[in-house]
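Let me begin by presenting the structure, written as structure tokens, before commenting on it.
2 protein chains.
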Amino acid sequence: MADVARLAGVSSQTVSRVSTGHPGVVESTRRQVLEAMRQLGYRPNSAARALKRGTFRTIGVILFTLATTGNSRTVEAIAAQAAQEGYAITLIPVAVPTQDGVLGAFTRLGELAVDGIIVIMEVHLLDAANLVLPPGVQVVVVDSDAGDRYPVVDTDQADGARQAVRHLLDLGHRTVWHVTGPAESFSSERRAQAWRNVLEEAGREVPPVQRGDWSAASGYRAGLALAGEPSCTAIFAANDQMALGVLRALHERGRRVPADVSVVGFDDIPDAGSYLPPLTTVHQDFAEVGRRCVHGLLEQIRDERAEPGTVLVPTTLVVRESTARPSGLVG
Amino acid sequence: MADVARLAGVSSQTVSRVSTGHPGVVESTRRQVLEAMRQLGYRPNSAARALKRGTFRTIGVILFTLATTGNSRTVEAIAAQAAQEGYAITLIPVAVPTQDGVLGAFTRLGELAVDGIIVIMEVHLLDAANLVLPPGVQVVVVDSDAGDRYPVVDTDQADGARQAVRHLLDLGHRTVWHVTGPAESFSSERRAQAWRNVLEEAGREVPPVQRGDWSAASGYRAGLALAGEPSCTAIFAANDQMALGVLRALHERGRRVPADVSVVGFDDIPDAGSYLPPLTTVHQDFAEVGRRCVHGLLEQIRDERAEPGTVLVPTTLVVRESTARPSGLVG
DNA sequence: GTTAAGAATGTTTACGCAAACATCCGGCAA
DNA sequence: TTGCCGGATGTTTGCGTAAACATTCTTAAC
Chain Y
96 MADVARLAGV
106 SSQTVSRVST
116 GHPGVVESTR
126 RQVLEAMRQL
136 GYRPNSAARA
146 LKRGTFRTIG
156 VILFTLATTG
166 NSRTVEAIAA
176 QAAQEGYAIT
186 LIPVAVPTQD
196 GVLGAFTRLG
206 ELAVDGIIVI
216 MEVHLLDAAN
226 LVLPPGVQVV
236 VVDSDAGDRY
246 PVVDTDQADG
256 ARQAVRHLLD
266 LGHRTVWHVT
276 GPAESFSSER
286 RAQAWRNVLE
296 EAGREVPPVQ
306 RGDWSAASGY
316 RAGLALAGEP
326 SCTAIFAAND
336 QMALGVLRAL
346 HERGRRVPAD
356 VSVVGFDDIP
366 DAGSYLPPLT
376 TVHQDFAEVG
386 RRCVHGLLEQ
396 IRDERAEPGT
406 VLVPTTLVVR
416 ESTARPSGLV
426 G
Chain U
96 MADVARLAGV
106 SSQTVSRVST
116 GHPGVVESTR
126 RQVLEAMRQL
136 GYRPNSAARA
146 LKRGTFRTIG
156 VILFTLATTG
166 NSRTVEAIAA
176 QAAQEGYAIT
186 LIPVAVPTQD
196 GVLGAFTRLG
206 ELAVDGIIVI
216 MEVHLLDAAN
226 LVLPPGVQVV
236 VVDSDAGDRY
246 PVVDTDQADG
256 ARQAVRHLLD
266 LGHRTVWHVT
276 GPAESFSSER
286 RAQAWRNVLE
296 EAGREVPPVQ
306 RGDWSAASGY
316 RAGLALAGEP
326 SCTAIFAAND
336 QMALGVLRAL
346 HERGRRVPAD
356 VSVVGFDDIP
366 DAGSYLPPLT
376 TVHQDFAEVG
386 RRCVHGLLEQ
396 IRDERAEPGT
406 VLVPTTLVVR
416 ESTARPSGLV
426 G
């Protein structure tokens with residue numbers, strides 16, 4: 096910086112003013128400084144800047160995996176929104192979903208240069224890790240029900256699941272079977288809960304749950320089991336990939352979709368429209384979730400007033416070709 | 096830090112020594128300092144630390160999107176490996192693949208606190224952006240052929256494609272049609288090139304290319320076109336998602352897979368085994384690519400000797416049920 | 001022409017840490 | 001006993017920046 100100042104014939108403070116875009120620098124001076132910067136290839140040192148300002152303009156995102164569509168889409172949206180607000184994103188992956196894993200991540204995080212953290216996982220896992228957040232670092236949570244302690248932003252899981260199940264009941268199915276996600280996942284539990292509620296409210300029988308792990312392979316296994324249930328005419332899978340596995344299992348067992356069995360997924364991943372048949376599913380607005388996270392976090396950072404509460408992003412049911420009236424009712 | 100030193104009855108330098116794990120601090124003193132840290136909730140300020148050390152222990156990853164399986168898997172592997180080496184990952188998304196977009200990202204990047212950068216995109220786009228890298232910041236590139244200027248780590252695209260096409264020819268197909276990815280993508284071009292080469296070497300006719308954009312929807316469109324070609328009995332899609340679209344198109348047009356037409360994909364995404372039928376595809380080891388990237392970059396950072404060159408990660412063909420001998424040869 | 005007001009620019013300082021150097025102390029060989 | 005060595009700890013200093021304050025210059029009103 097001193098070099099730039101010397102070359103431009105000004106003081107280093109003026110260089111600082113130019114590089115931070117402060118007012119009160121006359122145009123001709125400004126031009127000279129910029130030219131000197133260019134010549135010397137000067138770049139402000141962000142460490143020094145952060146030290147002086149006490150802020151890093153960086154948000155940490157802590158999660159288990161990018162392998163699920165939901166997570167990677169959410170992270171992408173967070174990154175995009177943060178970039179627009181002049182913030183960078185630091186990714187903190189937790190290798191294994193154990194207490195140690197989370198604890199390790201947070202220990203690292205404590206020393207990390209972040210002004211706030213977005214947690215994309217069930218918050219109980221954080222508590223279990225006996226976590227102490229660095230003071231002054233704000234938190235927003237996705238995929239959790241910790242709305243009383245941290246601000247939460249999430250898709251309206253329950254409403255999405257309700258729409259899916261009601262759609263199937265409205266088509267005339269007597270009841271709906273459910274392929275659920277892992278028990279540790281809040282989203283998974285919430286979807287299962289809503290499914291159960293709708294059935295109970297409608298006075299329908301609640302069939303046993305098939306548990307999966309979000310993967311197509313687990314959906315396939317669940318689908319094989321369900322294909323053996325003659326009374327099963329409608330299936331609500333907790334995500335699209337498990338729905339894909341269910342479709343394959345039904346196909347292999349000679350049960351036609353949607354003629355014999357209707358299938359609904361959740362997420363509306365881009366591929367869902369290309370499944371055989373194209374999948375009826377619940378559309379999640381991941382981009383909006385990401386935007387809201389960043390927005391909420393920055394608001395907290397600026398205001399220091401943490402006000403827990405939950406923001407729910409609405410869902411829409413996208414009806415494609417994997418659902419139909421049960422065959423007994425055709426016509 | 097001064098508070099901690101006072102409470103522990105030592106100098107701030109001793110506190111520093113404890114927190115950096117330096118030797119030469121007697122156990123009893125160390126214990127006292129740690130206790131004082133705990134009581135005061137002290138956390139080292141990473142900005143100051145970075146300023147002093149001149150290093151951030153952070154790697155920047157610049158890319159267009161996390162939406163493609165390959166990118167998100169690679170990023171995940173990079174993050175995991177970096178974490179293990181004590182480095183954090185900063186994500187720099189480039190919203191739009193235009194010169195301005197890339198330039199903007201790099202301007203931001205210039206001010207960013209990173210010791211090295213991993214670029215996951217065709218490097219020509221960087222050049223087009225007239226990019227000036229911050230001096231002292233090392234770069235490793237994925238998905239590019241810039242091996243003469245930057246170190247490159249990539250899947251062995253050509254070999255994977257060769258395996259796919261040869262597999263189809265070996266089964267007895269006269270030729271293989273190709274659904275390619277976007278022209279800007281190096282991976283896409285490399286796969287197409289290898290496909291062409293194998294056909295030419297074998298003296299087969301090279302059918303016109305169907306261009307897609309990696310999405311299942313584009314694969315579907317290409318598939319509809321190919322379903323209208325009676326002579327088309329074998330299709331190599333440049334990724335699994337386009338293969339999914341092709342499968343759907345063939346199904347809709349009444350062409351059976353693999354009885355009438357064989358289909359091969361590329362990537363081996365987790366869902367591929369659950370397609371109808373389960374997809375024969377080329378397995379990419381994204382995790383290995385990520386590991387090599389980080390490894391290469393850290394080596395550069397430590398040695399300062401940039402030695403361009405290309406590291407290729409091998410691929411394997413995974414044969415499932417979407418390929419078979421052409422029907423004329425059955426039995 | 002004088003002076004005050006305000007704009008443009010310069011000077012000083014501190015942010016929190018860790019490297020480099022300085023000091024202190026106990027122990028051991030001569 | 002003396003002197004010296006080396007380990008443990010303390011003191012000084014500077015990393016690059018921007019806030020706060022100081023100075024200079026310009027302009028306009030009288």
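Order-wise, the sequence lines are chains Y and U. The numbering used here numbers the first residue of the first sequence as 96 and each following residue consecutively. The numbering used here numbers the first residue of the second sequence as 96 and each following residue consecutively. We put the beta carbon where it would ideally sit given N, CA and C, even for glycine. Note that this is a predicted model, so its numbers are computed, not measured.
Checklist entry - Between serine 369/U and chain Y, is there a C-beta pair that is closer than 8 Å? => result As a first step, residue 369/U must be located in the second sequence, where it is residue number 274. So yes, serine 369/U belongs to the interface.
Next on the checklist: I'd like the ranges of any beta strand (DSSP E) spanning at least 3 consecutive residues and lying wholly in the segment 292-375 of chain Y.
Outcome noted: The segment 292-375 of chain Y contains these whole beta strand (DSSP E) runs: 329-332, 357-362.
Next on the checklist: If you reduce the DSSP assignment to three classes, tell me which class alanine 431/Y lands in.
Outcome noted: Since the first residue of chain Y shown is 96 and the last is 426, residue 431/Y is not available in this structure.
Next on the checklist: Quick check on DSSP: helix, strand or coil for glycine 211/U?
Outcome noted: Here residue 211/U refers to the residue found at position 116 of the second sequence. In this structure, DSSP gives glycine 211/U an extended state, which the three-state scheme calls strand.
Checklist entry - Which residues does DSSP pair with threonine 275/U in a beta bridge? => result Walking along the second sequence from the start, residue 275/U turns up at place 180. Listed as beta-bridge partners of threonine 275/U by DSSP are Arg306/U.
Item to check | Local Cβ density within 10 Å of proline 188/U, reported as buried at 16 or more and exposed below that | outcome: Working through the second sequence from its first residue, we reach residue 188/U at position 93. Proline 188/U is buried by the Cβ-count criterion.
Item to check | Under the three-state DSSP convention, the category valine 218/U falls into | outcome: On the second sequence, position 123 is the one that residue 218/U refers to. In this structure, valine 218/U counts as helix in the three-state DSSP scheme.
Next on the checklist: Excluding the 5 residues flanking arginine 168/Y on each side, which residues of the same chain have their C-beta closer than 6 Å to its C-beta?
Outcome noted: Here residue 168/Y refers to the residue found at position 73 when the first sequence is read from its first residue. Hits under 6 Å: Phe381.
Checklist entry - Taking only beta-carbon atoms, is valine 170/Y less than 8 Å away from chain U? => result As a position in the first sequence, residue 170/Y is number 75, starting the count at 1. Chain U contact via Cβ: present.
Checklist entry - Does any residue of chain Y bring its CB to less than 8 Å from the CB of alanine 143/U? => result Sequence index remark: in the second sequence, residue 143/U carries index 48 (1-based). By the rule that beta-carbons nearer than 8 Å mark a contact, alanine 143/U touches chain Y.
Checklist entry - How is glycine 255/U classed by DSSP in three states: helix, strand or coil? => result As a position in the second sequence, residue 255/U is number 160, starting the count at 1. Of the three classes helix, strand and coil, the one that applies to glycine 255/U here is helix, per DSSP.
Checklist entry - How about histidine 262/Y and threonine 418/Y: do their beta carbons lie closer than 8 Å? => result Position 167 of the first sequence, counting from 1, holds the residue named residue 262/Y. Position 323 of the first sequence, counting from 1, holds the residue named residue 418/Y. In this structure, threonine 418/Y lies closer than 8 Å to histidine 262/Y by Cβ.
Checklist entry - Run through DSSP, which three-state label would glycine 426/U get? => result Working through the second sequence from its first residue, we reach residue 426/U at position 331. With a pLDDT of 42 at glycine 426/U, under the threshold of 50, the modelled position of that residue is not reliable, and the figure given next carries that caveat. Residue state, collapsed to three classes: coil.
Next on the checklist: Helix, strand or coil, according to DSSP, for threonine 169/Y in the structure here?
Outcome noted: The residue you call residue 169/Y lines up with position 74 of the first sequence. Threonine 169/Y sits in a helix when the DSSP states are folded into three classes.
Item to check | Cβ-based contacts, 7 Å cut-off: residues of the segment 343-358 of chain U near chain Y | outcome: So the list reads Arg343, His346, given in the order they occur along the chain.
Checklist entry - Using a Cβ-Cβ cut-off of 7 Å (strictly less than) and excluding sequence neighbours within five positions of valine 393/Y, which residues of its own chain qualify? => result For the purposes of this step, residue 393/Y is identified with residue 298 of the first sequence, where counting begins at 1. Valine is not the amino acid found at residue 393/Y; the sequence shown has leucine there. Cβ neighbours of leucine 393/Y beyond the five flanking positions: Glu180.
Checklist entry - Any residues in the segment 312-327 of chain U with a beta carbon nearer than 9 Å to a beta carbon of chain Y? Which ones, in chain order? => result Within the segment 312-327 of chain U, the qualifying residues are Ala312, Gly314, Tyr315.
Item to check | Coil, strand or helix - valine 189/U by DSSP | outcome: Looking up residue 189/U in the second sequence gives position 94. In the structure shown, valine 189/U sits in coil (DSSP, three-state: anything other than H, G, I, E or B).
Checklist entry - If you measure from the beta carbon of serine 283/Y to each beta carbon in chain U, is any gap under 8 Å? => result Within the first sequence, the letter at position 188 stands for residue 283/Y. Not closer than 8 Å to any Cβ of chain U, the Cβ of serine 283/Y fails to qualify, so no.
Checklist entry - Which one or two residues does DSSP pair with threonine 153/Y in a beta bridge? => result Here residue 153/Y corresponds to residue number 58 of the first sequence, with the count starting at 1. In the DSSP assignment, threonine 153/Y is bridged to Ala183/Y.
Item to check | Per-residue DSSP class, three states only, for glutamine 395/Y | outcome: Within the first sequence, the letter at position 300 stands for residue 395/Y. Helix at glutamine 395/Y.
Checklist entry - Of all the residues that make up the segment 379-395 of chain U, which are near chain Y by a beta-carbon distance shorter than 9 Å? => result The segment 379-395 of chain U vs chain Y, Cβ under 9 Å: nothing.
Checklist entry - What residues of chain U sit near glutamine 305/Y, judged by a beta carbon separation below 8 Å? => result Looking up residue 305/Y in the first sequence gives position 210. Under the 8 Å cutoff, chain U gives no residues; its nearest Cβ is about 15 Å from glutamine 305/Y.
Checklist entry - Taking Cβ-Cβ distances shorter than 8 Å, what residues in chain U pair up with threonine 160/Y? => result Here residue 160/Y is taken as the residue at index 65 of the first sequence, counted from 1. Under the 8 Å cutoff, chain U gives Glu171.
Checklist entry - When the distance is taken between beta carbons, is tryptophan 272/U closer than 8 Å to alanine 329/U? => result For the purposes of this step, residue 329/U is taken as residue 234 along the second sequence, with counting starting at 1. For the purposes of this step, residue 272/U is taken as residue 177 along the second sequence, with counting starting at 1. Cβ distance < 8 Å, so alanine 329/U and tryptophan 272/U count as in contact.
Checklist entry - Which of the three DSSP states, helix, strand or coil, is assigned to leucine 407/Y? => result Taking the first residue of the first sequence as 1, we reach residue 407/Y at position 312. In the structure shown, leucine 407/Y sits in a strand (DSSP, three-state: E or B).
Item to check | Per DSSP, the bridge partner or partners of threonine 160/Y | outcome: Locating residue 160/Y in the first sequence gives position 65, where the first residue counts as 1. According to DSSP, which records beta bridges pairwise, threonine 160/Y is partnered with nothing at all.
Checklist entry - Helix, strand or coil for arginine 144/U per DSSP? => result Position 49 of the second sequence holds residue 144/U. Look at arginine 144/U here: in three-state DSSP terms it is helix.
Checklist entry - To the nearest whole angstrom, what separates the beta carbons of proline 302/U and threonine 270/U, a pair I think is in contact under 8 Å? => result Counted from its first residue, the second sequence places residue 302/U at position 207. Counted from its first residue, the second sequence places residue 270/U at position 175. So it is a contact: roughly 6 Å between Cβ atoms.
Checklist entry - Hey, is leucine 342/Y close to the ligand MN, as in C-beta under 7 Å from one of its heavy atoms? => result The ligand MN is not part of the structure shown, which contains no ligands of any sort.
Checklist entry - Are threonine 153/Y and threonine 185/Y close, meaning C-beta to C-beta below 8 Å? => result For the purposes of this step, residue 153/Y is taken as the residue at position 58 of the first sequence. For the purposes of this step, residue 185/Y is taken as the residue at position 90 of the first sequence. In this structure, threonine 185/Y lies closer than 8 Å to threonine 153/Y by Cβ.
Checklist entry - In three-state terms, what does DSSP make of aspartate 249/Y? => result Here residue 249/Y refers to the residue found at position 154 when the first sequence is read from its first residue. In the structure shown, aspartate 249/Y sits in a strand (DSSP, three-state: E or B).
Next on the checklist: I want to see whether chain U comes within less than 8 Å of phenylalanine 151/Y, judged by CB atoms only; does it?
Outcome noted: Along the first sequence, read from residue 1 onward, the residue named residue 151/Y stands at position 56. Output row for phenylalanine 151/Y: interface = yes.
Checklist entry - Roughly how many angstroms separate the alpha carbons of alanine 143/U and valine 170/Y, rounded to a whole number? => result Translated into positions along the second sequence, residue 143/U becomes position 48. Translated into positions along the first sequence, residue 170/Y becomes position 75. The straight-line gap from Cα to Cα measures roughly 28 Å.
Checklist entry - Does the Cβ-Cβ distance between leucine 339/Y and serine 369/U come in under 8 Å? => result Residue numbering aside, residue 339/Y sits at position 244 when the first sequence is read from its first letter. Residue numbering aside, residue 369/U sits at position 274 when the second sequence is read from its first letter. Contact: yes.
Checklist entry - histidine 268/Y: buried (16+ other C-beta within 10 angstroms of its C-beta) or exposed? => result Translated into positions along the first sequence, residue 268/Y becomes position 173. Under a 10 Å Cβ-count criterion, histidine 268/Y is classified as buried, with 16 or more other Cβ atoms of the shown protein chains found around its own Cβ.
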